[in-house]
Every structure is written in structure tokens, then in C-alpha cells.
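A short write-up of the structure that comes next.
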Amino acid sequence: MSQDRQGNMPAPDSSQQGDVEKIVPSPSSDGAEKPYSIYTPPERWFIVATASLAALFSPLAAMVYMPAIPVIATDFHKSVELINLTVTVYMVFQGVCAGVIGDIATRAERGSFFGLFSVGPLFGPTFGPVIGGVLTQTLGWRWIFWFLAIAAGLCFMVLLALLPETLRQLVGDGSVLPPRFYRPLVPLVGHGRQGNTMERPPRVPFVNPLRILTYPDILVLLFFNAIQYAVFYAITATISTIFQSTYSYLNETEIGLCFLASGFGTITGAFSIGKIMDRDYRMIKEKLVHGRETTVGTPGSPGAIACEENFPIEKARLKTIPIQLLICVTCCAGYGWCLHQKVNIAVPLVLQFAFCFAVTAIMNTTQTLLVDLLPAQKQLGAMRIWGSSAFRS
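Throughout, the working numbering is defined as the position within the sequence shown, counted from one, plus 266.
Here you go:
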């Protein structure tokens, strides 16, 4: 799949080389392999965790007032469907980009890093409704927006103070000191290792991000991910209204607590699939290395094999998709039947957990593969969210 797309792409000229992921470690002057990034593992985990914190607010803003939708509809004398439309419009224009992972991590490491990054965006569906339910019942629904403004301001100060610039077109592997405007106020991450290289990466000309839609494999992945994203939000966005009508004894706080099942499912799925993707990638790479030793008689370099164009990256990433998709379909059908039959509330909550575990695994897998296929397209994350949201609406 990636071979067909790469075969139709024009070969990058020298000015575009800085925009292409350098999977093959470049040799240093003493013959040793140069690391992909200057940042230490703890620093890279910190960078991804900070980016995850920033990505928290996009879904949090959409989900935090879900339990308050019936109350808001009553206060404004509008229908619940019309108030739900405000969430849909917001979701169409939101965007979350995980391009920082492609800047600091190789293919072999991206699964675990993507799992950590997903915690932030998944915190919104997990605890946002709980926070919104408590605020609505105690202080009133207007305090939801005061909460968002205060929390976003604090997050902005953390990013401004600590998050380093990682865009490889500006800083390469991190050793190039970026312009002053892009430096954090407190440069703790990478301190002492930046500025060692004065030569800046070549300037990359602007490339229309919509061009990725001309690649059939990318278009299929986006469409497939959009379906999962649509079903995911179709379930989570209707929990408050459906559970209130099906289980009328629940108050706003208790309805918010019902979101915890889906939230913990998404977080567990994100962490689990990250480890599974790294394991599958490592196993296929080792198999290829062993196969080359058997056929050629000489040991192959794992790094060189991993970066070859014929490396089956799709097979490495999509290995567990069929079973995950089966779980999604089964749980989704069972969830609808349980709510229609008004069975014990524990059953749909368990199905919520299982469904969100599987659908998160699917979405993280396809997103990681998208980064693998188009590592230079930093607009990809925002476009993926936008396209998925537009499809859902």
C-alpha cells in the first residue's frame, strides 16, 4: 500500500530532504550511528506528555458539558437536538495533531509514544462529563466555561515555559538552536545539547496538505478512521440523554459517572495498543533480519531493514485490526439492544468499556500508520480529526 503511494510521489529534491523522515541513522564523523533525536528517553516522554496535556482541551471542551445538555436546553427553551448541534459544529472545526511524535521517535518507538499521547485527548471523554456533571449540579452549568478558561490558561503557561520546539525542519534532531521566538522560557529539556550544530535544515517549500487526499491508501485509512470516530462519538455524545430517559433515577452527577466506563476503556486501549504495536513491529523486523541471514548468508542491519521501502509497515501496524473490529461491532450491537430492553445499567456500562477499548485501539493504530506513511505532513493530525468530525456530523 505504501509502495503504491510512494511510487506516485515525485522524488524530493535537495530542498525537500529536511521534510522527509530520516529513518536510517546517519553516521557521525567517528563512524558511530547518529541518534534520531538528541533528547533522552525521559525528555521525550516529557515532551509527549506535555503535548498530550495540550491536546486534552480539544475533546474536553466538547465533552465536559454533555451531562448539562438537558439543563442547558431547558434554560434556553431549545430542543436537546439543537443543543447537541453545538457539539457537532465544534467537533467539525477542532484539530489535534500528534506530529511531535514523528519529530522525536522512530517507527519502532511510535506505538508506545502514541499510547501516552492519546491519554490527553482521551481524558476529556473520561473525566470531562464527571467534571461537567458535578459543576452543573453544584455551581451551575455556566461554571463549566469558567473552568475551561482557567484550566486552558494554566496549560498555556506550562507550554510557554517548558515545551521545546521539535519540528525537524527548524531544529533537525534537536541539536539546532531554533529562533528565539520558538524557544521555551525555561529551556530545561535538551539543555546543553542544543546549539551544537549551527547548520540549519534546508527550508522546505509549502506543500498543499490536501494533496494527501490523492493517495488511495491514505484516503482509505482516513475514511475507515472516520467511521470509527463517528460511531465512537455517536455513542459517547448520547450517553447523557439516553441514560436519563432509560434510567430516570440518575441525577447529573451520576450521569457524568456513567462516562467513566467508556473513558477508562479508551485509556486502557490506548496504552495496550501502543505496547502491542511496538511488539508487532519488533517481531516482524526480527523475522526479516532472520530471513535475510538465511537466504543471503550475511546478517542484515535491523535499522536498514526497517527503513527499506519494501518493509511491510502496514502488516506490522494492522495485524490486530480484524479482532478489534469484531469486538467493536459486537459491543455496539449489544449496547443498543441492552438500552432498548432497559436491562441492568451495569451491562451497557461494561459494553461501553469493551467498545471504547477496541475502537481506541483501531483509531490509534490507523493514526500511527498515517504518521508512518506521511511523516513529513504535520497537518495530517488536524486533517484527520477534521475529516472524521465532518463525516460524523
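The C-beta atom is built at its ideal place from N, Cα and C for all residues, glycine as well. Predicted model, so just to flag it, every value in this text is computed and none were measured.
Item                                                                                                                                                : Value
Residue range of the alpha helix (DSSP H) that V385 falls in?                                                                                       : 373 to 404
Kindly indicate which three-state DSSP category V595 falls into: helix, strand or coil?                                                             : helix
Let me make sure I understand the geometry here. Which of I589, G456, W407, R477 has the alpha-carbon closest to that of I335?                      : W407
Between I579 and D638, is the Cβ-Cβ spacing less than 8 Å?                                                                                          : yes
Where does V442 fall in DSSP's three states?                                                                                                        : strand
What is the rounded straight-line gap between the Cα of I587 and the Cα of T404?                                                                    : 43 Å
According to the Cβ coordinates, are T532 and L388 closer than 8 Å?                                                                                 : yes
Among residues of its own chain, excluding the 5 on either side of I397, which ones have a beta-carbon nearer than 6 Å to its beta-carbon?          : V330
Which residues in the same chain have their Cβ closer than 7 Å to the Cβ of F509, if we skip the five residues on either side of it in sequence?    : L516, I521, C524
Flag this pair as yes or no: are the beta carbons of A417 and L451 separated by less than 8 Å?                                                      : no
Using three-state DSSP, classify F509 as helix, strand or coil.                                                                                     : helix
Could you give the DSSP three-state label for L640: helix, strand or coil?                                                                          : coil
With 16 other CB atoms within 10 Å as the buried threshold, where does R477 fall?                                                                   : exposed
According to DSSP, is P578 helix, strand or coil?                                                                                                   : coil
Taking C421 and L319 to be in contact with their CB atoms under 8 Å, please state how far apart those CB atoms are, rounded to whole angstroms.     : 6 Å
When the distance is taken between beta carbons, is L436 closer than 8 Å to G386?                                                                   : no
Whose C-beta lies closer than 6 Å to the C-beta of G529 among residues of the same chain, with five residues either side of it excluded?            : P391, T392
Indicate the three-state DSSP secondary structure (helix, strand or coil) for K553 in the structure shown.                                          : helix
So, at 8 Å on beta carbons, what are the nonlocal neighbours of R548 in its own chain, with the 5 sequence-adjacent residues on each side left out? : A374
How many Å lie between Q607 and L584 at the Cα?                                                                                                     : 35 Å
Out of L425, T596, C597, M543, which one is the CA nearest neighbour of T632?                                                                       : M543
Taking the beta carbon of D665 as the centre, do at least 16 other beta carbons fall within 10 Å, making it buried, or is it exposed?               : Outside the displayed range of the chain (267 to 659) lies residue 665, so it cannot be described from this structure.
Do T626 and G535 have their beta-carbon atoms positioned less than 8 Å apart in this structure?                                                     : yes
Am I right that L454 and D369 are in contact with their C-beta atoms under 8 Å? What's the rounded C-beta distance?                                 : Going by Cβ atoms, the distance from L454 to D369 rounds to 18 Å, so no, they are not a contact pair.
How big is the Cα-Cα spacing for Q645 and L526?                                                                                                     : Because the pLDDT of Q645 is 49, which lies under 50, any placement of that residue in the model is unreliable, and the number read from its coordinates should be weighed accordingly. Using only the alpha carbons, I get a separation of about 31 Å.
From V314, L640, I313, pick the residue whose C-alpha is nearest to that of T480; which is it?                                                      : L640
Going straight from the alpha carbon of W311 to that of G456, what length do you get?                                                               : 13 Å
Smallest Cα separation from F577: which of L591, C594, L592, L554?                                                                                  : L554
Measuring straight from C-alpha to C-alpha, what distance separates E287 and R376?                                                                  : Per-residue confidence for E287 stands at a pLDDT of 42, beneath the threshold of 50, marking its modelled position as unreliable; the derived number appears in the next sentence. In a straight line, the C-alpha of E287 is about 13 Å away from that of R376.
Is the separation between the beta-carbon of I683 and that of R446 shorter than 8 Å?                                                                : Past the boundaries of the shown model lies residue 683; the chain is included only from 267 to 659, so the question cannot be answered.
What are the boundary residues of the alpha helix (DSSP H) that includes A500?                                                                      : 482 to 502
Which whole-angstrom value is the C-beta distance of V366 and V314, which I expect to be below 8 Å?                                                 : 7 Å
For the putative contact between M332 and S506, defined by C-beta atoms under 8 Å, what is the C-beta separation to the nearest angstrom?           : 5 Å
Alpha carbon to alpha carbon, how far is Y448 from Q618?                                                                                            : 42 Å
Between L605 and the rest of its own chain, which residues show a CB-CB distance below 7 Å, the 5 nearest in sequence each way excluded?            : I508, T512, P614
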